[in-house]
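**Student:**
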Amino acid sequence: RVSMSYSKEFSRWGELILIVKYNKLFGKSIEVADAIFPTSKPITIYDLDNGVGFKVLKPYQRIGMDQLFEIHIQQNLKGLILDRIPFLNRLGFTEILSYSYLTNTENTPYTELAIGLGNIGFGTFRYLRIDWVKVLNGGTFGHSYLRVGINNILQLGR
């Protein structure tokens with residue numbers, strides 16, 4: 032497994048995060064029953080501690096693939112657009128754009144495009160994030176999903 036991550040702060044334009052991963056399984060392929068590949072629910076709460084990654088595709092949906100190439104790009108605009116709109120600028124929300132891409136040995140590209148609002152909450156308790164995710168599977172548009180994320184800053188339950 033080879034992975035690379037890059038993060039760059041662009042002052043007023045926010046923060047860019049880029050992650051590239053390549054996984055190769057040498058030897059015998061892993062056999063996985065099709066029964067454990069459930070479809071994703073339209074609305075799900077997820078933990079933001081993992082950072083940038085897939086929001087709809089679950090990790091166990093990739094187990095049977097012996098070669099993977101992933102790209103994850105996230106741009107946090109940190110209020111670049113919403114700070115210019117009267118009354119919305121007082122809320123302190125941040126705009127987040129995400130792109131995730133996966134290709135494998137079957138050459139079926141999987142893509143997730145997401146637009147989100149971060150820094151949602153009250154006062155100093157701003158732990159929520161909402162993402163609208165559009166899936167492209169094999170070049171055709173799939174379903175849209177709404178994801179609600181929670182930052183676990185206090186590391187509760189671990």
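Just so we're aligned, residue 32 is where the sequence shown starts under the working numbering, counting upward by one. Here a beta-carbon is modelled for each residue, glycine too, at the ideal position from N, C-alpha and C. Remember, predicted model here, so these are calculated numbers, not experimental data.
1) List the endpoints of the continuous beta strand (DSSP E) containing Leu-177.
2) Measuring CB atoms only, is the region 125-134 touching the region 97-106, in the sense that at least three cross pairs come out at less than 8 Å?
3) Could you give the DSSP three-state label for Arg-121: helix, strand or coil?
4) Figure out for me which residue from Ser-42, Ser-34, Val-83 and Tyr-37 has the closest Cα to the Cα of Asn-182.
5) Out of Asp-162, Gly-169 and Val-166, point me to the one whose CA is closest to Leu-177's CA.
6) Ordered along the chain, which non-local residues of its own chain (more than five positions away) have a Cβ less than 6 Å from that of Lys-39?
7) Using only the alpha-carbon positions, how far apart do Phe-124 and Asn-150 sit?
8) Can you grab the Cα-Cα spacing for the pair Lys-86 / Gly-154, in whole Å?
9) For Arg-115, does the three-state DSSP call read helix, strand or coil?
10) Suppose you measure from the CA of Leu-113 to the CA of Leu-148; what does that come to, to the nearest Å?
11) With Thr-139 and Gln-98 assumed to form a contact (beta carbons below 8 Å), what rounded beta-carbon distance in angstroms separates them?
12) Let me know if Val-166 comes out buried or exposed under the rule of 16 or more other beta-carbons within 10 Å of its beta-carbon.
**Tutor:** Per the coordinate set shown:
1) 171-181
2) Verdict: yes, contact present.
3) Secondary structure at Arg-121: coil, using DSSP grouped into helix, strand and coil.
4) Val-83
5) Asp-162
6) Leu-47
7) About 5 Å.
8) Each residue's Cα considered, the two are about 27 Å apart.
9) helix
10) 10 Å
11) Not quite, the Cβ-Cβ distance comes to about 12 Å (not below 8 Å), so this is no contact.
12) buried
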